[in-house]
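**Student:** Please see the structure below; I have some questions.
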Amino acid sequence: GTPVWLIDRREPELHRLLNQLEQEVADMAATKTRPGAETPIPASTFVPTLPETHRPEGRPWLMRVARRPQRRAKDATRAMWVDPKFLEHMTSVTCRDLCWWLPPVIWPEEEAIWRDALAKIRSAGAELFVCNAPWQIALFDAGQQGSRPARSHPARLWAGPFCNTANALALDRLAGLGFTGAVVSPELDEQALLELPERSPLPLGIVTAGFWPLCVSRWRAQELRVDTPLASPKQEIAWAREYGSNLWIFPDWALDLHQHLPRLESAGYRLFVELEEKLPPGLGQRLRTSPFNWNLRLL
């Protein structure tokens, strides 16, 4: 009897599952033995089994994610958000040397564009990718036409922070899909973040710095202007920027967990991610930073 509101994409697979669930409910209603009485529904016998834990290996590494190619840095892996249009201006050498991040939302009518973009990147020799929705691993399916160029190498795929992974069972599911690592949800508190590596079947990463969006949307109000500061009644500043078909809304303060890096490393995290965004003209970065939910107790 609990209402569930579905606000994401309505794929045919989702319709099929909903129809199946609706039929199960109808079958339960049909099992009434007399008016006002129903056959009891047996209690669930499901017992969760935690996956085998992955022991952290190797040295920690830093990854900086930008919208455009950055200069080489000895202390960091360079990463870039995939931009199908900008790929036309990039050389194969540059493509090969980068880690590539997919956006959290790819709309069905644009899927072919993203497949072609990934095929071009992989043909250049790139191997490391970050998917920001679990289904995006299907874009690398060798059985899909155009998804695996003949000269490409097997892709190493990480689940990104927008997958919102927060527990060992979800990590185990990602491992089963073929991911080789995961950047955990940035919304977890201190205790949850520090305990998660003890139960993870995958190598883990975490976003430690940068601008984390308040939301990503396909729609915007007509009055909203991009790259222009927007003040709340309490004078909190946000700004919007369009990337492809999506509108990203950012606060003017950055996420910062740098002071907790030693504890995160000791807990077992090996990848530390910094997200870079260019501020709109005339807007300076506020000195204030945010630890997000680190200091809270979520449960």
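Position one of the sequence shown corresponds to residue 1 (the working numbering), numbered consecutively onward. The beta carbon of each residue, even a glycine, is placed where N, CA and C say it ideally should be. If you're wondering where the values come from, they're calculated on a predicted model, not measured in any experiment.
1) For residue 155 and residue 125, I'd like the C-alpha separation in whole angstroms.
2) What residue from 60, 193, 159 and 188 has the CA that sits closest to residue 179's CA?
3) Taking all protein chains shown into account, decide if residue 257 is buried (16 or more other Cβ within 10 angstroms of its Cβ) or exposed.
4) Would the beta-carbon of residue 199 be found less than 6 Å away from any heavy atom of the ligand PLP?
5) In three-state DSSP terms, what is residue 282?
6) Per DSSP, which one or two residues make a beta bridge with residue 256?
7) Give me the DSSP bridge partner(s) of residue 241.
8) Please list the terminal residues of the continuous beta strand (DSSP E) segment that includes residue 271.
9) Hey, residue 221 and residue 230: beta-carbon distance below 7 Å or not?
10) Specify, as a first and last residue, the run of the alpha helix (DSSP H) that residue 77 falls within.
11) Would you decide whether residue 266 is buried or exposed? Buried here means 16 or more other CB atoms lie within 10 Å of its CB.
12) Our contact map puts residue 114 next to residue 84 with C-beta atoms below 8 Å; I'd like the distance itself, whole angstroms only.
13) Could you tell me which residues DSSP puts in a beta bridge with residue 105?
**Tutor:** Working from what's here:
1) C-alpha separation (whole angstroms): 10 Å.
2) For the residues 60, 193, 159 and 188, the minimum Cα distance to residue 179 belongs to 159.
3) Flag for residue 257 reads buried.
4) Of the ligands one can find in the structure shown there are none, so the ligand PLP has no counterpart to examine.
5) The answer is coil: DSSP assigns residue 282 none of H, G, I, E or B.
6) Bridge partners of residue 256: 209.
7) Answer is 248, bridged to residue 241.
8) Boundaries of the beta strand (DSSP E) around residue 271: 271-275.
9) Remark: C-beta atoms of residue 221 and residue 230 do not approach each other more closely than 7 Å.
10) First-last for residue 77: 77-81, but that is the beta strand (DSSP E), not the alpha helix (DSSP H).
11) So residue 266 counts as exposed.
12) At roughly 7 Å, the Cβ-Cβ gap stays under 8 Å, so residue 114 and residue 84 are in contact.
13) DSSP, once it has assigned bridges, lists no residue as partnering residue 105.
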